[in-house]
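Asker:
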Amino acid sequence: MAKQLMDIKLDEEFEMYVLLKDASKRVAKNGKPFLSLVFQDQSGQISGKYWDASPTDVEQFVSGKVVLLKGKRENYMNSPQIKILAMRLANQSEPHDPVNFVKRAGMSRDQMEEYIDQTIFEITNAIYNRIVRSLISKHANAFYTFPAAKSNHHDFAGGLAFHTISILKLAHSIVNQYEGINAPLLYAGAILHDLGKTIELSGPIATEYTLAGNLLGHLSIMDAEIVEAADKLGIDPKSQDLILLRHMILSHHGLLEYGSPERPKILEAEILHHLDELDATIMMIQSATKNIEPGQFSDRVFGLDNRRFYKPENSIDPKQKPTQGELL
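Our numbering applies: residue 75 is where the sequence shown begins, and numbers increase by one.
Structure below.
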């Protein structure tokens, strides 16, 4: 198997095809333009700087392009970085399809669709069921192919549906353990909570925030989608069920400073907020520690207050479940 980005050791030189996940024009202290780049393949991503970028460089090296990169892995302020030795666009006779360089969800689309469909059958409240079916059908292709974020957590193709299913699995466990939870409301809220990202984000390759994403955000986008769907389905806009579902979406970030116009004020909304945060946190820590050796600290994780996380000796491989003997 060909070596990938995250296989490259410190101070090792390499040459390989990679995707420009992000390319931003910047100006150095000396006044000269440079490109701040993020290189990506299915193993992960590393940043790099292309100094003294010419107008032609700025024009051709853009997000979503595949390049043949010759470089050296270095560390800058305790974070990995690529020193670019040479770089050119891949041609038509070389690997050049961005799709082949994007990390994918750990489930196939068919598997994800099956899980979502089965959960929708468990949404026994007619209002919630009809709205969820309507909106999933409307946004299905993007829902099963988009990432859940531009960076940080579940930032890979299919990440949006995969993140949603992770929350639903946790929600099923919560419902089985505690009495008095409105399961249809919790499941409906979980399925819809990030569905607005199909409008907020541009897609799985070279992901950017759309105009609506920048100006409205996925919480308000989905709230409007729910209201529109309810109107088309003839659902009373003053219905308590509809208002509760809207509250699930508008409060799921938990705090006003995190973008929620309201804090959770019902049990199911509080649960959804914590499950959403838990799943995102676990994914960020696992991603940060995946490619480091036991006994080392990760790079700083921006989404977790710039903390570094330690990978203990004899850490469990996340792909392997401990045996009964190991648990005793």
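Beta carbons are placed, not taken as given, at the ideal position from N, Cα and C, and that holds for glycine. The structure displayed is predicted, hence computed values, not measured ones.
By DSSP, does N174 sit in helix, in strand, or in coil?
Answerer: Locating residue 174 in the sequence shown gives position 100, counting from the first residue. Helix, per DSSP.
Asker: Evaluate contact between the region 147-154 and the region 106-119, counting only Cβ atoms and requiring at least three cross-stretch pairs below 8 Å.
Answerer: Not touching, per the Cβ criterion.
Asker: Pick out whichever of E187, M186, N288, A164 has its Cα sitting closest to the Cα of V141.
Answerer: Position 67 of the sequence shown holds residue 141. Nearest option by C-alpha distance: A164.
Asker: Can you look up L329 in the DSSP assignment and give me helix, strand or coil?
Answerer: Here residue 329 is taken as the residue at index 255 of the sequence shown, counted from 1. The answer is coil: DSSP assigns L329 none of H, G, I, E or B.
Asker: Could you tell me whether the Cβ atoms of M186 and I273 are closer together than 8 Å?
Answerer: Within the sequence shown, the letter at position 112 stands for residue 186. Within the sequence shown, the letter at position 199 stands for residue 273. Not closer than 8 Å, so no.
Asker: Where do the N-terminal and C-terminal ends of the alpha helix (DSSP H) with N203 fall, by residue?
Answerer: Against the sequence shown, residue 203 aligns to sequence position 129. N203 -> alpha helix (DSSP H) spans 200-217.
Asker: With DSSP as the reference, label P154 as helix, strand or coil.
Answerer: Counting from 1 along the sequence shown, the entry for residue 154 is found at position 80. Strand.
Asker: Could you tell me whether the Cβ atoms of L260 and A245 are closer together than 8 Å?
Answerer: Here residue 260 corresponds to residue number 186 of the sequence shown, with the count starting at 1. Here residue 245 corresponds to residue number 171 of the sequence shown, with the count starting at 1. Yes, the Cβ-Cβ distance between L260 and A245 is below 8 Å.
Asker: Reducing DSSP to helix, strand and coil, say where F383 ends up.
Answerer: Your numbering for residue 383 matches position 309 in the sequence shown. Coil at F383, not helix or strand.
Asker: Would L84 and F113 be called neighbours here (beta carbons separated by less than 8 Å)?
Answerer: If you number the sequence shown from 1, residue 84 lands on position 10. If you number the sequence shown from 1, residue 113 lands on position 39. No; because the gap between Cβ atoms is not below 8 Å, this pair is not in contact.
Asker: Three or more beta-carbon pairs under 8 Å between the region 218-235 and the region 260-271, yes or no?
Answerer: Result yes; three or more Cβ-Cβ pairs closer than 8 Å.
Asker: Buried or exposed: D115, going by 16 or more other Cβ atoms within 10 Å of its Cβ?
Answerer: Along the sequence shown, one-based indexing puts residue 115 at 41. Classification of D115: buried, given that the 10 Å Cβ count is 16 or more.
Asker: What did DSSP end up calling R183 once you bin it into helix, strand or coil?
Answerer: The count along the sequence shown starts at 1 and reaches residue 183 at position 109. The answer is helix: DSSP assigns R183 an H, G or I state.
Asker: Considering Q370, what are the terminal residues of the alpha helix (DSSP H) in which it resides?
Answerer: By one-based count along the sequence shown, residue 370 stands at place 296. Neither: Q370 is in no alpha helix (DSSP H) and is coded neither H nor E.
Asker: Is the region 308-326 touching the region 334-353 in the sense that three or more CB pairs, one from each, lie closer than 8 Å?
Answerer: Yes, the region 334-353 touches the region 308-326.
Asker: Between G333, Y332, D297, which lies nearest to I317 when the distance is taken from Cα to Cα?
Answerer: Start at 1 with the first residue of the sequence shown, and residue 317 comes out as number 243. Closest option to I317, Cα to Cα, is D297.
Asker: Comparing C-alpha positions only, which one of G328, A286, R374, N199 sits nearest to L352?
Answerer: Counting from one through the sequence shown, the residue named residue 352 turns up at place 278. Selected option, being the one with the closest Cα: G328.
Asker: What is the residue span of the beta strand (DSSP E) that R100 lies within?
Answerer: Position 26 of the sequence shown holds residue 100. From DSSP, the beta strand (DSSP E) with R100 extends over 87-101.
Asker: By Cβ distance below 8 Å, which residues in the same chain neighbour F135 in space, the five residues on each side in sequence not counted?
Answerer: Within the sequence shown, residue 135 is the residue found at index 61, counting from 1. L94, A97, L109, L111, Y124, A127, V141, M161, L163.
Asker: Helix, strand or coil, according to DSSP, for R337 in the structure here?
Answerer: Mapped onto the sequence shown, residue 337 falls at position 263. R337 falls in the coil class under three-state DSSP.
Asker: Shortest alpha-carbon distance to I210 belongs to which of D229, M90, A264, N388?
Answerer: Your numbering for residue 210 matches position 136 in the sequence shown. If we check each option's Cα against that of I210, A264 comes out closest.
Asker: Could you pull out every residue in the same chain whose Cβ sits closer than 7 Å to the Cβ of G399, ignoring the five residues on either side in sequence?
Answerer: For this step, residue 399 is matched to residue 325 along the sequence shown. The predicted model places G399 with a pLDDT of 43, which falls under 50 and marks its position as unreliable; any figure quoted below should be read in that light. Nothing listed; no residue qualifies.
Asker: Please go through the same chain and pick out, in chain order, the residues whose beta-carbon is closer than 7 Å to the beta-carbon of I366, but skip the five residues on each side of it.
Answerer: For the purposes of this step, residue 366 is taken as the residue at position 292 of the sequence shown. Hits under 7 Å: S372, K385.
Asker: So, helix, strand or coil for P376, using DSSP?
Answerer: Translated into the one-based positions of the sequence shown, residue 376 becomes position 302. Here residue 376 turns out to be Phe, not Pro, going by the sequence shown. Helix, per DSSP.
Asker: Where DSSP assigns a beta bridge to K144, which residues make up the other side?
Answerer: If you number the sequence shown from 1, residue 144 lands on position 70. In the DSSP output, where bridge partners are listed per residue, K144 has E89, A160.
Asker: Could you tell me which of E387, K99, T355 sits nearest to D379, measuring between CA atoms?
Answerer: Residue mapping note: residue 379 aligns to position 305 of the sequence shown, counting from 1. That would be T355, whose Cα lies nearest to the Cα of D379.
Asker: Would you check if the distance between the CB atom of L234 and the CB atom of F217 is smaller than 8 Å?
Answerer: Counting from 1 along the sequence shown, the entry for residue 234 is found at position 160. Counting from 1 along the sequence shown, the entry for residue 217 is found at position 143. Yes, these two residues count as a Cβ contact at 8 Å.
Asker: Can you give the beta carbon distance from I295 to G138, rounded, assuming they're within the 8 Å contact cut?
Answerer: As a first step, residue 295 must be located in the sequence shown, where it is residue number 221. As a first step, residue 138 must be located in the sequence shown, where it is residue number 64. Not really, about 23 Å apart at Cβ, beyond 8 Å.
Asker: Compute the Euclidean distance between the alpha carbons of T281 and G333, then round it to the nearest angstrom.
Answerer: The sequence position of residue 281 within the sequence shown is 207, counting from 1. The sequence position of residue 333 within the sequence shown is 259, counting from 1. Distance between the alpha carbons of T281 and G333 is about 20 Å.
Asker: Put G122 into one of helix, strand or coil per three-state DSSP.
Answerer: Against the sequence shown, residue 122 aligns to sequence position 48. Reduced to three states, the DSSP call for G122 is strand.
Asker: First and last residue of the beta strand (DSSP E) that includes V112?
Answerer: For the purposes of this step, residue 112 is identified with residue 38 of the sequence shown, where counting begins at 1. From DSSP, the beta strand (DSSP E) with V112 extends over 107-115.
Asker: If you drop the 5 nearest sequence neighbours on each side, which residues of the same chain put their C-beta closer than 8 Å to that of L79?
Answerer: As a working note, residue 79 is residue 5 in the sequence shown. The residues are M90, V92, F113, Q114, D115, S117, G118, Q119, I120.
Asker: For V176, which residues in the same chain have their Cβ closer than 8 Å to its Cβ, ignoring the five residues on either side in sequence?
Answerer: Working through the sequence shown from its first residue, we reach residue 176 at position 102. L93, Q114, Q116, F230, A231, P278, I279.
Asker: How long is the line joining the alpha carbons of F376 and D310, rounded to whole angstroms?
Answerer: On the sequence shown, residue 376 is found 302 positions in, with the first residue counted as 1. On the sequence shown, residue 310 is found 236 positions in, with the first residue counted as 1. Near 43 Å, if we compare the C-alpha coordinates of D310 and F376.
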